[in-house]
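Working notes, beginning with the structure itself.
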Amino acid sequence: MGAGRAHAPMSPAPPPSELTLGVLAGGRATRLGGIDKAWLQRDGQPQVLRWIERFRAAAGQVRVGANHGHARYALHGIESVADRVAGRGPLGGLDALAHACATPWLLTLPVDTLELPQELLPRLYEAAGARGACACDDDGLQPLVALWRTSLLREFVADALQRDARAAHALVERAGLAVVRFAGLRFGNLNTPADLDRAGIAVPGHD
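Just so we're aligned, residue 1 is where the sequence shown starts under full-length UniProt numbering, counting upward by one.
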C-alpha cells in the first residue's frame, strides 16, 4: 500500500442539521372527492406521519406544504406552510417549502407516495453534486421525489412561477438535477379510489 493519505469516504447523507424534509400535501385530491390525503391511514398510520417518522433521524427539520388543516398539523407538532402563490399546483408547494427551509438541502416527497427505497436519501445525495438529484422509478421520472440544493430551488421555482410554468419535470430539467434510477421499483401514489383500494385504505366515511 502506498504511503499517500487515504481519502475519507463520502458521507452517505447530509448531516441532519443541513437537511429539511419537505412533504408536499397541498393537492386538492379532486379524483378522491377533495379528501386530505395527508391523513389517510395505511396500516393504522396517517401518510404524513409515516413519512415524517421514516426520515426523522435524517432530517433536522420538517415542513409540510399544505393549504388547509394547519391546526391539525400543529396538534402533532408539525410546522405546515401554505402556498405563497395560489393555484400553481406542485410548483406552488415547492416554492412554499423552499422559502420555509433554513437548511442547505431540502428532501421533497409527495404525501401520497406509497413506497420509497431505504437507500433513497444516500443515493440521491451521492448523485447530487452541487445542484441536487431526483428519483426515477419504473413508472418514469418522479420529479417531486428529489433532493434539492435549497438556494437553487428557490431560484428556479421563482423563475418557473414568473413564467406561469407548472410542470415539475421541466423544473427538474432546467435546474440540472441528476436523475437516479431505482430499477424494479414503483413508488406508487393515491390518486384514485382504485389506488386506495389496492393499498388497503378505506375512504373516510365509507367504511
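Think of the CB as a built atom: it goes at the ideal place given N, C-alpha and C, for glycine as much as any other residue.
Simplified DSSP assignment, three categories, for residue i
| i | result |
| --- | --- |
| E155 | helix |
| Q45 | strand |
| V62 | strand |
| E79 | strand |
| D139 | coil |
| R131 | coil |
| R149 | strand |
Cα-Cα separation, residue i to residue j
| i | j | result |
| --- | --- | --- |
| H68 | L120 | 29 Å |
| E79 | V23 | 11 Å |
| P90 | A38 | 15 Å |
| D195 | G188 | 9 Å |
| L49 | A165 | 31 Å |
| D83 | F182 | 30 Å |
| V172 | P143 | 6 Å |
| A133 | E126 | 9 Å |
| G26 | P46 | 15 Å |
| A146 | S17 | 18 Å |
Exposure of residue i, with buried meaning 16 or more beta-carbon neighbours within 10 Å
| i | result |
| --- | --- |
| P15 | exposed |
| G140 | exposed |
| G44 | exposed |
| L116 | buried |
| D159 | exposed |
| A96 | buried |
| Q118 | exposed |
Any non-hydrogen atom of the ligand FMN within 7 Å of residue i CB
| i | result |
| --- | --- |
| T150 | Only the bare structure without any ligand can be found here, which leaves the ligand FMN out of the picture. |
Residue i, enclosing alpha helix (DSSP H) - first and last residue
| i | result |
| --- | --- |
| V111 | Run containing V111: none; DSSP gives neither H nor E here. |
| G22 | Looking at the DSSP string, G22 is not in any alpha helix (DSSP H); the run it does join, the beta strand (DSSP E), is 19 to 24. |
| G69 | Unbroken run through G69: none, as it is neither H nor E. |
Contact belief for residue i with residue j at Cβ below 8 Å, rounded distance in angstroms
| i | j | result |
| --- | --- | --- |
| L21 | V62 | 5 Å |
Residue i - containing beta strand (DSSP E), residue span
| i | result |
| --- | --- |
| V179 | 178 to 181 |
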